[in-house]
Structure formats: structure tokens, C-alpha cells
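Step one of this worksheet: look at the structure below.
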Amino acid sequence: MQIPYQPWIDWLKVLGMAVIIFGHSGGHALIPPIFNPINLKQLGVCFFVFATAFTLANETRRPLQVLYNRYFEVFVLGVLLAMFVSVVKWFRVGDLNESNYLPFVLGLNVFWENAFPANPTTWYVGTYMHLLVAWAVALRFLPTRWYVLVGLLLVEVIVRSVFVYQSNDFNAYMVFTSWLSVFFIGMYFGRLAGDTRNANSPDSTPGPAAADDAKLLPSISPTGRRIAISLTLAAMMFGWLAMVRGWGITKSNPFGRISVGDDVTTSLVTSLAVTVEYLVYTLLIYGFFVGIPANRFVRFLSQNTLFVFLAHMPFRDVVTPYYYPLWSGGWTRQVANFFILFVLLACISHVIRHILGLTKLRKQIGNRLFGQRHL
1 MQIPYQPWID
11 WLKVLGMAVI
21 IFGHSGGHAL
31 IPPIFNPINL
41 KQLGVCFFVF
51 ATAFTLANET
61 RRPLQVLYNR
71 YFEVFVLGVL
81 LAMFVSVVKW
91 FRVGDLNESN
101 YLPFVLGLNV
111 FWENAFPANP
121 TTWYVGTYMH
131 LLVAWAVALR
141 FLPTRWYVLV
151 GLLLVEVIVR
161 SVFVYQSNDF
171 NAYMVFTSWL
181 SVFFIGMYFG
191 RLAGDTRNAN
201 SPDSTPGPAA
211 ADDAKLLPSI
221 SPTGRRIAIS
231 LTLAAMMFGW
241 LAMVRGWGIT
251 KSNPFGRISV
261 GDDVTTSLVT
271 SLAVTVEYLV
281 YTLLIYGFFV
291 GIPANRFVRF
301 LSQNTLFVFL
311 AHMPFRDVVT
321 PYYYPLWSGG
331 WTRQVANFFI
341 LFVLLACISH
351 VIRHILGLTK
361 LRKQIGNRLF
371 GQRHL
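So the sequence shown is numbered by this note's numbering: it starts at 1 and just counts up by one.
Here you go:
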């Protein structure tokens, strides 16, 4: 059973990509340390994970078919980009950037070394594959109950803290268990959407998407809900900033530290804080955008976030030297980054995907693998 189109997913994908680019282009220097020990850009990944889980929650197709559909374009665009970067880097500096291929070999990058690939954002490709496999093998069978969430929280916090204790922070960030709680609540709301649709539309007649997804939250006015969420966000940020300054919470890439006694306690408390921030901010942003229609511009950007996610850092390294001298920094530069590193790349993505005919190619290969009724 497929749920209707959810406009908030487009909003979360666009916002997630925007904060990732913001973080990768010096934006962190423009804001106070209100997110330590994490970085703002990590919340962008949370939004993608949450949306992925939401859309997987009501899948009834064969797991292998779902994995194929989800991973096909990631693999094709990612490998082609890695090959292009290898050619460019070989002629420029004599380096093939071999680590860029690790994510496409069963996600080896997650455990291969305590570092990102040469093109850093491709780390998520390996984690994404592991999340899909975990969903196919186990997560899809789990009931969305509070005790399951508690169990997953324990696994997430403990596994991450072990890596942090060993100073393997990049592994702690990339391992799929670090995203279990966000994935689980995405599944919860996805199943809730499916249950709501079954209860309200027994004949499965689709209704307006924005109205349908608004039913997933308490029945208060949308304006009142968004005001309440905005106030909660502000309180969260100011309260967290006070803790950062009062406790001396540090920032690093990917994780800072909350120093509390010995190293074991520090690792556990730091890991717990990471999970709290991931969950709270994801839920608040989701609650804010539910019920807001997505215009054509937002939908266009959303449809092209995959290529932008994969390509924006090597693209940044090539193009920013040409326009960064025009501004000394600040928000003007960030606006330029948004239009060049996001909007322009989205346009390039649209052209590439059209030339390659990825949707048609995926269906043709899928028909051979899974039969003529493959979707």
C-alpha cells in the first residue's frame, strides 16, 4: 500500500541539502555554537534518513526489488561521478582518489578506515546501503512500540560511544546504528500515515496531499502548531547554547566532546547528546513542515538532491575560487553558495538524468530482474 505524495518530504530534502551545503562552505562560522557536540550539517542527514524510513514504512514489494529501486540511481550517478573525479584528479595531481569507490563496494568505507572518502559526502552511500539492508532483514519486522525505540536507542548510544571512546569518530558517525532512532521514528510516522489513510479512505481514494499529511499531528490549527514549534526550537537552541558555554561542550568533525569525568562516561554522555539532538530537531522540523504545500521550485530541487549531495564538494573546490574573491565572506557569500552549489547543480543534475534516462533504464533492467510488473 502506497501513501499519497507528502509535500513535507520535499521540504525536508531541500532544507537538509541546504544546511549540508551551508556547513560545507564555511557557514558554521556565522552561527554561535548552538549545536555542539554535533555540526549543523548532520541534521541534514537526519532529514534524509527520516524521509527514507517514512517512505519505506508501507512497502509491500519484495525487499530485493525495493533495494534495487532505491539504490539504482545512487549507484549509477555515484560511480559515474567517482570515475569523472578520478580522471580529473589523475591529470591534475596524479591521484585516482580510489577511496571514492569504497562506498559502492558494499559500503566498505564505513569500516575501512576512520576517515571519509576523498569526496567526503559519498560516505553516506555506504551507510544508506547498510540502512536499506537492515530494513530488509530486520527493521521492517519491528513493531513501532516504545520499548522497541528504547532498545534501538540503547544500541545506538552504546555502539556510537564505543567508537567515540576509541577516537574513531568518523566510524561512529558513518555506522548505520548511529541513525537507528531517527530511522525508527520515520517508520513510526510512515505507518501512522498508512493507518490513517486506511481508516479515513477505505476505498483508497487519494485526497489532497497537504491535508492528508496534516492529519498525522495533533488537531490544533496549523498556524498555532508552527508557532509552538518555532518557540520550542528557539528554547532548544538557547538552552543548548547555555549548556555548551556552561559545560564547555566542544566542537569537532564530526563530534566534539562533553567532558564528564572519565573517558567512558564522556563517550556515553556525548553519544547520548548526539542522539537527543538528532531526534528533537528532526521531529520539530517535521512537525513544522507537515501540511505545507511544496511549490514547483522546491519540488525541482528535491528531485535533484541526490546528485547535489554527491557532487557539491568537488564542484565547490572547482568553482568557489572564481567568485569567493567578490565577497570577503558572510551571508552574501552563503546566498551565492546556495544558488551556485545547490540550484545550479540541481539544473546540471536535471540535464544529466534526462540524458542518461535513468528512470527508463531502471525500469528496463528491473523488468528483466523482477518481471514485467516491476515498478
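Glycine included, each C-beta is placed from N, C-alpha and C at the ideal position.
Taking Thr282 as the reference, which of Ser25, Phe48 and Ile31 has the closest Cα? Sequence index remark: in the sequence shown, residue 282 carries index 282 (1-based). Selected option, being the one with the closest Cα: Phe48.
Opening and closing residue of the alpha helix (DSSP H) in which Gly224 lies: As a position in the sequence shown, residue 224 is number 224, starting the count at 1. Run containing Gly224: Pro222 to Trp247, per the alpha helix (DSSP H) assignment.
Give the DSSP-derived three-state secondary structure of Ser302 in the structure shown. Within the sequence shown, the letter at position 302 stands for residue 302. Residue state for Ser302 is assigned as helix, using DSSP reduced to three classes.
Which of helix, strand or coil does DSSP assign to Phe189? Residue 189 sits at position 189 when you count from the first residue of the sequence shown. Looking at Phe189 - three-state DSSP - the assignment turns out to be helix.
Cα-Cα separation between Ile9 and Asn58, rounded to whole angstroms: To locate residue 9, count along the sequence shown from 1; it is residue 9. To locate residue 58, count along the sequence shown from 1; it is residue 58. Distance between the alpha carbons of Ile9 and Asn58: 15 angstroms.
Report the three-state DSSP secondary structure of Tyr322 (helix, strand or coil). Start at 1 with the first residue of the sequence shown, and residue 322 comes out as number 322. Note: Tyr322 maps to helix in three-state DSSP.
Sequence-distant residues of its chain with Cβ nearer than 7 angstroms to Gly256 (five each side left out): The count along the sequence shown starts at 1 and reaches residue 256 at position 256. Here the set comprises Asn36, Pro37, Ile249 and Thr250.
Would you decide whether His312 is buried or exposed? Buried here means 16 or more other CB atoms lie within 10 Å of its CB. Taking the sequence shown and counting its residues from 1, the one referred to as residue 312 is at position 312. Burial call: buried.
Classify Lys13 as helix, strand or coil using the three-state DSSP reduction. For this step, residue 13 is matched to residue 13 along the sequence shown. Correct three-state label for Lys13: helix.
Which residues mark the beginning and the end of the alpha helix (DSSP H) in which Leu108 is found? In the sequence shown, residue 108 corresponds to position 108, counting from 1. In this chain, Leu108 is not harboured by any alpha helix (DSSP H), its DSSP state being neither H nor E.
Can you give me the start and stop residues for the alpha helix (DSSP H) that Ala158 sits inside? For the purposes of this step, residue 158 is taken as residue 158 along the sequence shown, with counting starting at 1. The amino acid occupying residue 158 in the given sequence is Ile; Ala does not appear at that position. Per DSSP, Ile158 belongs to the alpha helix (DSSP H) from Trp146 to Tyr165.
Using a Cβ-Cβ cut-off of 8 angstroms, state whether Gly291 counts as contacting chain D. The question asks about chain D, but that chain is absent: this structure has only one protein chain.
Classification of Thr332 by the beta-carbon crowding that lies within 10 angstroms, buried from 16 upward: Sequence index remark: in the sequence shown, residue 332 carries index 332 (1-based). When all chains shown are included, Thr332 counts as exposed.
Whose CA, out of Phe309, Leu81 and Phe72, lies closest to the CA of Leu369? For the purposes of this step, residue 369 is taken as the residue at position 369 of the sequence shown. Comparing Cα-Cα distances from Leu369 to each of Phe309, Leu81 and Phe72, the minimum goes to Phe72.
In three-state terms, what does DSSP make of Gly23? Along the sequence shown, read from residue 1 onward, the residue named residue 23 stands at position 23. It is helical.
Note down, one range per segment and in chain order, each alpha helix (DSSP H) of at least 4 residues found wholly within the segment 50-101. Fully enclosed alpha helix (DSSP H) runs of 4 or longer: 63-93.
Given this structure, state the Cα-to-Cα distance separating Leu67 from Tyr165, to the nearest angstrom. Stepping through the sequence shown from its first residue, residue 67 is reached at position 67. Stepping through the sequence shown from its first residue, residue 165 is reached at position 165. Each residue's Cα considered, the two are about 33 angstroms apart.
CB-CB under 7 angstroms to Pro120, same chain, minus the five flanking residues each way: which ones, in chain order? Here the question's residue 120 lines up with position 120 in the sequence shown. Here the set comprises Met313.
Work out the CA separation of Met187 and Val290 for me, nearest whole Å. As a first step, residue 290 must be located in the sequence shown, where it is residue number 290. As a first step, residue 187 must be located in the sequence shown, where it is residue number 187. Straight-line Cα distance between these residues: approximately 16 angstroms.
Verify whether the separation of the beta carbon atoms of Gly190 and Thr55 is less than 8 angstroms. Position 190 of the sequence shown, counting from 1, holds the residue named residue 190. Position 55 of the sequence shown, counting from 1, holds the residue named residue 55. It is a contact, given that the beta carbons lie within the stated cut-off.
Could you give the first and the last residue of the continuous alpha helix (DSSP H) run that contains Ile285? Taking the first residue of the sequence shown as position 1, residue 285 is located at position 285. For Ile285, the uninterrupted alpha helix (DSSP H) run begins and ends at Asp263 to Phe289, by DSSP.
Report the rounded CA-to-CA distance for Ser161 versus Asp262, giving the unit in angstroms. Here the question's residue 161 lines up with position 161 in the sequence shown. Here the question's residue 262 lines up with position 262 in the sequence shown. Their Cα atoms are separated by approximately 13 angstroms.
Which one of Leu356, Leu231, Ala134 and Cys347 has the shortest CA to CA distance from Ala53? Position 53 of the sequence shown, counted from the start, is the residue given in the question as residue 53. Here the closest residue by C-alpha is Ala134.
Between the C-alpha atoms of Val125 and Val19, what's the straight-line distance to the nearest angstrom? Along the sequence shown, one-based indexing puts residue 125 at 125. Along the sequence shown, one-based indexing puts residue 19 at 19. Roughly 18 angstroms between the two C-alpha positions.
When DSSP labels each residue in this structure, what does Ser175 get in the three-state scheme? Position 175 of the sequence shown, counted from the start, is the residue given in the question as residue 175. The identity of residue 175 in the sequence shown is Val, whereas the question assumes Ser. DSSP places Val175 in the coil class of the three-state scheme, outside both helix and strand.
What's the C-alpha gap between Thr205 and Gly329? Here residue 205 corresponds to residue number 205 of the sequence shown, with the count starting at 1. Here residue 329 corresponds to residue number 329 of the sequence shown, with the count starting at 1. A caution first: Thr205 carries a pLDDT of 47, below 50, which makes its placement in the model too unreliable to give a value.
Proximity of Tyr286 and Leu43 at Cβ, strictly below 8 angstroms: Start at 1 with the first residue of the sequence shown, and residue 286 comes out as number 286. Start at 1 with the first residue of the sequence shown, and residue 43 comes out as number 43. For Tyr286 and Leu43, no; Cβs fall outside 8 angstroms.
Just to confirm my understanding: we take Asn168, look at its own chain, exclude 5 residues before and 5 after, and list those with CB closer than 7 angstroms. What are they? Numbered from its first residue, the sequence shown carries residue 168 at position 168. Taken in chain order, the residues that qualify are Asn114.
Tell whether a beta-carbon distance below 8 angstroms holds between Leu149 and Ser181. Taking the first residue of the sequence shown as 1, we reach residue 149 at position 149. Taking the first residue of the sequence shown as 1, we reach residue 181 at position 181. Cβ atoms of Leu149 and Ser181: closer than 8 angstroms.
Neighbourhood of Trp247 by C-beta distance below 7 angstroms, restricted to the same chain and skipping five residues each side: Reading the sequence shown from its first residue, position 247 is the one you call residue 247. Answer for Trp247: Ile258, listed in chain order.
Suppose the cutoff is 6 angstroms on Cβ atoms and the five residues either side in sequence are ignored; what does the same chain contact list for Met174 look like? By 1-based counting over the sequence shown, the position of residue 174 is 174. Excluding positions up to five away in sequence, the list reads Val110, Trp123 and Thr127.
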